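Notes follow the structure.
Number of protein chains: 2
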Amino acid sequence: MVAGPTSTGPGKDRLRLWIRLLRASRTIEAELRERLKKEFDTTLPRFDVMAALYRVPEGMLMSDLSRFLLVSNGNVTGIVDRLVSEGLVTRARRNGDRRTSMVRLTEEGSKAFAKIAAVHEGWVGELLGSVSEEEAKRLTGMLKSFRSNWEGRE
Amino acid sequence: MVAGPTSTGPGKDRLRLWIRLLRASRTIEAELRERLKKEFDTTLPRFDVMAALYRVPEGMLMSDLSRFLLVSNGNVTGIVDRLVSEGLVTRARRNGDRRTSMVRLTEEGSKAFAKIAAVHEGWVGELLGSVSEEEAKRLTGMLKSFRSNWEGRE
DNA sequence: TTATAAAACTTTAAGCTTGAAATAATTGGC
DNA sequence: GCCAATTATTTCAAGCTTAAAGTTTTATAA
Numbered sequence: 000m001v002a003g004p005t006s007t008g009p010g011k012d013r014l015r016l017w018i019r020l021l022r023a024s025r026t027i028e029a030e031l032r033e034r035l036k037k038e039f040d041t042t043l044p045r046f047d048v049m050a051a052l053y054r055v056p057e058g059m060l061m062s063d064l065s066r067f068l069l070v071s072n073g074n075v076t077g078i079v080d081r082l083v084s085e086g087l088v089t090r091a092r093r094n095g096d097r098r099t100s101m102v103r104l105t106e107e108g109s110k111a112f113a114k115i116a117a118v119h120e121g122w123v124g125e126l127l128g129s130v131s132e133e134e135a136k137r138l139t140g141m142l143k144s145f146r147s148n149w150e151g152r153e
Numbered sequence: 000m001v002a003g004p005t006s007t008g009p010g011k012d013r014l015r016l017w018i019r020l021l022r023a024s025r026t027i028e029a030e031l032r033e034r035l036k037k038e039f040d041t042t043l044p045r046f047d048v049m050a051a052l053y054r055v056p057e058g059m060l061m062s063d064l065s066r067f068l069l070v071s072n073g074n075v076t077g078i079v080d081r082l083v084s085e086g087l088v089t090r091a092r093r094n095g096d097r098r099t100s101m102v103r104l105t106e107e108g109s110k111a112f113a114k115i116a117a118v119h120e121g122w123v124g125e126l127l128g129s130v131s132e133e134e135a136k137r138l139t140g141m142l143k144s145f146r147s148n149w150e151g152r153e
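Here the protein sequences line up with chains A and B, keeping their order. All letters in the first sequence, in the order written, are residues 0 to 153 by numbering that gives the first Met the number 0. All letters in the second sequence, in the order written, are residues 0 to 153 by numbering that gives the first Met the number 0.
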């Protein structure tokens, strides 16, 4: 996924773009993962889950988390399990529908996340430092249109 | 990593960009992974390794592969193990330096990859269909400058 | 009702991923 | 030549990831 086109011809530009996109996100992701580990002894998936929950004090269902984070159901189960055992998150069975459980950040989890998120934002600013604010906005716009276009399909 | 900024203020544009970038690549990656599995019964990491080797008939060292694919050493070991057991790749100990081994695609591996790569390119074209060729080139340029900037650090 | 399907979630097996420790081979200084 | 450091790779433990199968609960509808 990270190697270049194997020949030249039509349609290569999008392939090239995809490879660049992937290399860029992998590079940044690897750096962030490493720093999260070193500085906060946590992982990217845990951070993702906490970030999702932080926006929503009333909590999210497991399936909401899964959909939002673009990962499988079973995956979320494991990550939330670990967050629960670390006291950062709670899973509360609901009376209305006993199949579902509402996942929330604990007080501790919320504080911990806020601390990490502030530093994290700085890291991203640093790692994307070579992209001007202007470019950042334009790129974001393009990716947004990709996204909405994507949602139209399937 | 996939949730939005938790507040507003300076430096948010790069954070937003990062989140969009990550969501886009995860979306595309998930789709490609699924298709590779369904259509060719293979995985993204195997495809990556084969793509890297395809460009270089004389082969690559394990450490070259690791560096090129931006993954850890131990990771490559496992993937190459599986490719070897599937007869798609060979690992040849070198006389010059007996610590290293040269990894090459087999005849079969090369044919298999060529077939997959052609279809894969079509998929990428389709999935990035909403990005015009023009935009694709400009975006690629931006990401290229990010890359070279990155290589200057660390 | 009462089966039958659908939904929410968990479990499982296989594979991917990392960082760290272990092995083995080479290189450099003495 | 010899020993320490370096280099290339593998092994390992822990965690992430998916798809598929399983469990429990709720909804549907005859």
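Note that beta-carbon positions come from the ideal geometry of N, C-alpha and C, so glycine has one too. All of these numbers come straight from a predicted model, not from anything done at the bench.
Among the options, the one whose alpha carbon lies nearest that of residue i
i	options	result
Ala51 of chain A	A:Lys136, A:Phe112 and A:Arg93	A:Phe112
Phe46 of chain A	A:Thr26, A:Glu133, A:Ile18 and A:Ile78	A:Ile78
Met59 of chain A	A:Ala29, A:Leu21, A:Arg90 and A:Arg22	A:Arg90
Val70 of chain B	A:Arg25, A:Leu138, A:Gly128 and A:Arg146	A:Arg25
Ile18 of chain A	B:Glu28, B:Leu16, B:Glu33 and B:Asp12	B:Glu28
Pro56 of chain B	B:Thr105, B:Arg146, B:Ile115 and B:Leu35	B:Thr105
Ser147 of chain A	B:Ser84, B:Lys11, B:Arg146 and B:Gly128	B:Gly128
C-alpha distance - residue i paired with residue j, whole-angstrom precision
i	j	result
Ser62 of chain A	Asn72 of chain A	6 Å
Gly95 of chain A	Met101 of chain A	11 Å
Val48 of chain B	Arg103 of chain B	10 Å
Arg22 of chain B	Lys136 of chain B	20 Å
Phe39 of chain B	Met141 of chain A	31 Å
Arg81 of chain A	Glu133 of chain B	45 Å
Leu16 of chain A	Arg93 of chain A	45 Å
Glu153 of chain B	Ala117 of chain A	Low confidence applies here, because Glu153 of chain B scores a pLDDT of 49, under 50, leaving its location unreliable; read the following figure in that light. The straight-line gap from Cα to Cα measures roughly 23 Å.
Leu14 of chain B	Arg98 of chain B	43 Å
Lys37 of chain A	Glu33 of chain B	33 Å
Glu150 of chain A	Leu20 of chain B	16 Å
Residues that residue i bridges to, as DSSP identifies them
i	result
Met101 of chain A	A:Leu60 and A:Ala91
Partners in chain B for residue i, counting only beta-carbon separations shorter than 7 Å
i	result
Glu38 of chain A	Chain B residues near Glu38 of chain A: none, gap ~15 Å exceeds 7 Å.
Asn148 of chain A	Ser129
Ser144 of chain A	Ser129
Arg13 of chain A	Val123, Gly124, Leu127, Val130 and Ala135
Same chain, Cβ closer than 6 Å to residue i, neighbours up to 5 away in sequence not counted
i	result
Ser65 of chain B	Asn72 and Val75
Ser144 of chain B	none
Ile115 of chain B	Phe39
Contacts around residue i, its chain only, beta-carbon distance under 8 Å, and the 5 residues preceding and following it disregarded
i	result
Leu31 of chain A	Leu43, His119, Trp122, Val123 and Leu126
Val130 of chain B	Leu138
Phe67 of chain B	Ala51 and Met59
Val83 of chain B	Thr89 and Arg90
Same chain, Cβ closer than 7 Å to residue i, five either side skipped, listed in chain order
i	result
Ser109 of chain B	Tyr53
Glu107 of chain B	Gly86 and Leu87
Leu191 of chain A	This structure gives no information on residue 191 of chain A, because the portion of chain A shown stretches from 0 to 153.
Interface partners of residue i on chain A, CB under 8 Å
i	result
Ser62 of chain B	By Cβ distance, chain A contributes nothing, its closest Cβ being about 16 Å from Ser62 of chain B, past 8 Å.
Arg19 of chain B	Leu138, Thr139, Leu142, Lys143 and Arg146
Within chain B, the residues that residue i reaches when beta carbons sit closer than 9 Å
i	result
Leu16 of chain A	Val123, Leu127, Val130, Glu134, Ala135, Lys136, Leu138, Thr139 and Leu142
Leu69 of chain A	Val1, Arg22, Arg25, Thr26 and Ala29
Neighbouring residues, chain A, relative to residue i (Cβ below 9 Å)
i	result
Ser100 of chain B	Neighbours of Ser100 of chain B on chain A: none; closest Cβ ~20 Å, over 9 Å.
Any non-hydrogen atom of the ligand ZN within 7 Å of residue i CB
i	result
Gly124 of chain B	Questions concerning the ligand ZN fall outside what the structure shown contains, since it holds no ligand whatsoever.
Contacts of residue i in chain A (Cβ-Cβ under 7 Å)
i	result
Gly10 of chain B	Glu120 and Gly124
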